[in-house]
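Using our numbering, you'd call the opening residue of the sequence shown number 11 and step up by one each time.
Just so it is clear, CB atoms sit at the ideal spot from N, CA and C, and this is done for glycine as well.
As the structure is a prediction and not an experimental result, all values here were calculated from the model.
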Amino acid sequence: MPDMPEMDELVLATVKKIMPYGAFCALDEYAGREAFVHISEVAPRWIKNIHEFLHEGQKLVAKVYHIEAEKNQIDLSLKRVTESERKAKMEGSRREKRADKLFEVAVKIAKSTKSESFAAETALTSKYGSLVDAIEAVGEKGEEALVGLKIEKGLARAIFEVASKNIKKARAEVNGILSLTSYAPNGVEVVRKILTSLPKYEGAELEILYLGAPKYQLRVVSDDFKKADKAMESAVESILSFAKETKSVAEFSRLQA
Numbered sequence: 011m012p013d014m015p016e017m018d019e020l021v022l023a024t025v026k027k028i029m030p031y032g033a034f035c036a037l038d039e040y041a042g043r044e045a046f047v048h049i050s051e052v053a054p055r056w057i058k059n060i061h062e063f064l065h066e067g068q069k070l071v072a073k074v075y076h077i078e079a080e081k082n083q084i085d086l087s088l089k090r091v092t093e094s095e096r097k098a099k100m101e102g103s104r105r106e107k108r109a110d111k112l113f114e115v116a117v118k119i120a121k122s123t124k125s126e127s128f129a130a131e132t133a134l135t136s137k138y139g140s141l142v143d144a145i146e147a148v149g150e151k152g153e154e155a156l157v158g159l160k161i162e163k164g165l166a167r168a169i170f171e172v173a174s175k176n177i178k179k180a181r182a183e184v185n186g187i188l189s190l191t192s193y194a195p196n197g198v199e200v201v202r203k204i205l206t207s208l209p210k211y212e213g214a215e216l217e218i219l220y221l222g223a224p225k226y227q228l229r230v231v232s233d234d235f236k237k238a239d240k241a242m243e244s245a246v247e248s249i250l251s252f253a254k255e256t257k258s259v260a261e262f263s264r265l266q267a
């Protein structure tokens with residue numbers, strides 16, 4: 011990582027010293043670098059007492075809006091950071107710390123040397139761009155994510171075991187609302203038969219939630235969106251076909267993610 015942030019970059023900062031007109035902060039991701047937040051950049055409205063918003067030791071997500079490299083001057087803004095940007099930055103930081111910790115655990119389990127550890131981290135970041143993306147890829151794909159990488163065998167195994175135990179696989183979810191009505195004398199039984207006669211879908215799980223007659227929520231979960239989408243289409247086709255055969259009325263609408 012470079013030793014200086016870029017313009018408009020979102021950074022993590024820790025408040026070190028508060029002045030009446032602003033606060034000096036340490037840049038957590040840039041060792042030894044400090045930046046300044048002027049009181050006018052703390053909040054959208056005018057502030058009379060900066061201590062109402064900041065305190066020493068406070069962790070912040072800020073945006074770099076002014077840099078004078080020759081003077082080592084970096085100015086930050088809090089009010090220019092949206093809530094979604096702040097949450098995304100904090101989540102990214104949490105993921106990075108977790109990946110670092112999991113890698114450390116794997117190194118200890120494998121009793122790897124510093125050179126083996128360095129070689130493994132270099133190989134992982136070269137392929138995946140960052141250690142966090144690498145560890146999450148191993149958690150998602152398993153040992154195949156490590157194929158072809160020059161990582162000591164014992165350490166590779168430890169990385170796989172640690173990642174598979176601690177990284178939850180991403181799940182794709184597709185939802186929709188089904189309206190299903192039967193006017194047959196045994197209508198309740200007809201509806202039940204339609205909903206329980208659906209086939210199984212490889213790589214996807216279908217769940218039917220009762221919302222109150224005649225509505226049901228269909229939920230398909232899979233590790234792949236295309237599989238989930240295909241399973242939902244297949245389920246709906248089956249329901250509409252069964253409904254037609256039994257002279258029932260069925261309507262379906264997708265729920266936006």
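Point to revise | N-terminal and C-terminal residue of the alpha helix (DSSP H) that Tyr138 is part of | key: 124 to 138 is the extent of the alpha helix (DSSP H) around Tyr138.
**Study point:** Stretch pair the region 165 to 179 + the region 208 to 215: three plus CB contacts closer than 8 Å
**Key:** The region 165 to 179, when compared against the region 208 to 215, does not touch it at the 8 Å Cβ threshold.
Review point. Which whole runs of the alpha helix (DSSP H) in the region 27 to 98 are 4 residues long or more, in chain order?
Key: Within the region 27 to 98, no complete alpha helix (DSSP H) run reaches 4 residues.
Review point. Between the C-alpha atoms of Ala227 and Leu219, what's the straight-line distance to the nearest angstrom?
Key: Strictly speaking, residue 227 in this sequence is Gln, with Ala absent from that position. If you draw a straight line from the Cα of Gln227 to the Cα of Leu219, it comes to about 5 Å.
Review point. Cβ atoms of Leu64 and Glu25: under 7 Å apart, would you say?
Key: One point to set straight first is that residue 25 is Val, not Glu, in the sequence displayed. With a cutoff of 7 Å on beta-carbon distance, Val25 and Leu64 are scored as near each other.
Check your understanding: If you run the structure through DSSP and keep just helix, strand and coil, what is Gly213?
Key -> When DSSP states are grouped into helix, strand and coil, Gly213 belongs to the coil group.
Exercise for review: Please report how far the alpha carbon of Phe113 lies from the alpha carbon of Glu95, in whole angstroms.
Suggested key: Across the structure, Phe113 and Glu95 are spaced so that their CA atoms are roughly 27 Å apart.
Exercise for review: Check each candidate in Ala144, Ile249, Leu265, Asn176 and name the one with the smallest Cα separation from Thr191.
Suggested key: Measuring C-alpha to C-alpha distances from Thr191 to each of Ala144, Ile249, Leu265, Asn176 identifies Ile249 as the nearest.
Review point. Quick one, are the C-beta atoms of Phe262 and Gly197 less than 7 Å apart?
Key: No, the Cβ-Cβ distance between Phe262 and Gly197 is not below 7 Å.
Practice item. Could you check which residue in Glu243, Met17, Cys35, Glu62 has the C-alpha nearest to that of Leu188? Key: For the residues Glu243, Met17, Cys35, Glu62, the minimum Cα distance to Leu188 belongs to Glu243.
Review point. Does the distance from the C-beta atom of Met17 to that of Val74 stay below 7 Å?
Key: Yes. Within cutoff.
Check your understanding: Is Arg181 helix, strand or coil when you go by DSSP?
Key -> In the structure shown, Arg181 adopts coil according to DSSP, grouped into three states.
**Study point:** CA nearest to the CA of Ala214, picked from Lys118, Val184, Val200, Ala53
**Key:** Check the Cα spacing between Ala214 and each of Lys118, Val184, Val200, Ala53: the tightest is with Val184.
Review point. If we ignore side chains and look at the alpha-carbon of each, how far apart do Lys236 and Leu265 end up?
Key: If you draw a straight line from the Cα of Lys236 to the Cα of Leu265, it is about 16 Å long.
Review point. Hey, which unbroken runs of the alpha helix (DSSP H) at 4 residues or more fall wholly within the region 145 to 206?
Key: Runs found: 163 to 176, 197 to 206.
**Study point:** Residue from Lys178, Glu247, Ile204 whose Cα sits closest to the Cα of Ser232
**Key:** Of the residues Lys178, Glu247, Ile204, the one whose Cα lies closest to the Cα of Ser232 is Lys178.
Exercise for review: Check whether the region 107 to 126 touches the region 147 to 166, counting contact only when three or more Cβ pairs, one atom from each stretch, lie closer than 8 Å.
Suggested key: With a cut-off of 8 Å, the region 147 to 166 and the region 107 to 126 count as touching, because enough Cβ pairs lie within range.
Point to revise | Local conformation of Ala241 per DSSP, three classes | key: In this structure, DSSP gives Ala241 a helical state, which the three-state scheme calls helix.
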